[in-house]
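Residue numbers (my numbering): 184 to 342.
Cβ coordinates follow ideal geometry from the N, Cα and C atoms, glycine included.
Source: prediction; values computed, not measured.
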């Protein structure tokens with residue numbers, strides 16, 4: 184049986200932080216504010232995978248109240264989620280995601296994001312889709328105040 188999960192994350196942009204998406208450092212004057220590296224893409228993917236397996240959400244597994252996650256790479260979160268799915272006898276079928284960011288343009292970095300995600304999850308790159316879009320100048324995201332990501336993941340039980 185195929186199971187599907189949905190994930191979403193949003194963080195404000197601010198000075199003196201790195202902009203990291205999909206485990207890739209993207210040159211920018213502003214970075215994402217958060218307890219960890221604030222990688223909204225990986226956070227959304229973690230939530231989608233956890234949701235598909237009915238294993239809670241990223242906040243339950245990696246609470247921002249826990250000092251050990253301060254400044255942590257979200258690739259470690261994704262590795263932990265992958266290991267949890269493996270222990271629970273789930274196999275990842277695919278991940279589809281969308282990043283919403285007004286600027287900078289991130290399309291040149293998408294292939295590396297896909298590689299990072301596929302490698303971390305132990306799946307083929309053709310099982311990972313990362314898309315980038317803007318909010319067409321609308322709302323807080325369109326004004327450049329933050330970055331959001333959406334993700335859908337499909338998994339299946341294995342014996």
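**Asked** Got a sec, what are the start and stop residues for the beta strand (DSSP E) residue 279 sits in?
**Response** Start and end: 273-283.
**Item:** For residue 190, three-class secondary structure by DSSP
**Value:** Strand, per DSSP.
**Three-state class that DSSP yields for residue 341 in the structure shown** = Looking at residue 341 - three-state DSSP - the assignment turns out to be coil, as it is neither helix nor strand.
**Prompt:** Can you tell me whether residue 333 is buried or exposed, with buried defined as 16 or more other CB within 10 angstroms of its CB?
**Reply:** Of the residues assessed, residue 333 falls on the buried side of the cut-off, its CB having 16 or more other CB atoms within 10 angstroms.
**Three-state secondary structure assigned by DSSP to residue 211** = Correct three-state label for residue 211: coil.
**Prompt:** How big is the Cα-Cα spacing for residue 324 and residue 342?
**Reply:** A direct Cα-Cα distance of roughly 43 Å separates residue 324 from residue 342.
**Collapsed DSSP secondary structure at residue 255 in the structure displayed** = Of the three classes helix, strand and coil, the one that applies to residue 255 here is coil, per DSSP.
**Asked** In chain order, what residues of the same chain have a beta carbon less than 6 Å from the beta carbon of residue 278, not counting five sequence neighbours either side?
**Response** If we look at residue 278 and ignore the five residues flanking it on each side, its Cβ neighbours are 228, 311, 336.
**Asked** Whose C-beta lies closer than 8 Å to the C-beta of residue 253 among residues of the same chain, with five residues either side of it excluded?
**Response** The answer, listed in chain order, is 218, 219.
**Request:** Report yes if the CB atom of residue 207 is closer than 8 Å to the CB atom of residue 260, and no otherwise.
**Result:** Not closer than 8 Å, so no.
**Asked** Buried or exposed: residue 320, going by 16 or more other Cβ atoms within 10 Å of its Cβ?
**Response** With fewer than 16 other Cβ atoms from the protein chains shown falling within 10 Å of its own Cβ, residue 320 counts as exposed.
**Message:** Contact defined as beta carbons within less than 8 Å: I believe residue 299 pairs with residue 188. What is the distance between those atoms, to the nearest angstrom?
**Reply:** 20 Å between Cβ atoms; not a contact.
**Asked** Is the beta carbon of residue 301 less than 8 Å from the beta carbon of residue 184?
**Response** Cβ atoms of residue 301 and residue 184: not closer than 8 Å.
**Contact set for residue 256: own chain, Cβ-Cβ below 6 Å, skip 5 residues either direction** = The residues 220, in chain order, have a CB closer than 6 Å to that of residue 256 in the same chain once the five nearest residues on each side in sequence are set aside.
**Message:** Distance check for residue 290 and residue 166, CA to CA, integer angstroms please.
**Reply:** Within the shown structure, residues of the chain are numbered from 184 to 342, placing residue 166 beyond reach of any answer.
**Prompt:** For residue 275, which option in 250, 305, 282, 251 has the closest C-alpha, if you only look at C-alpha atoms?
**Reply:** Nearest option by C-alpha distance: 305.
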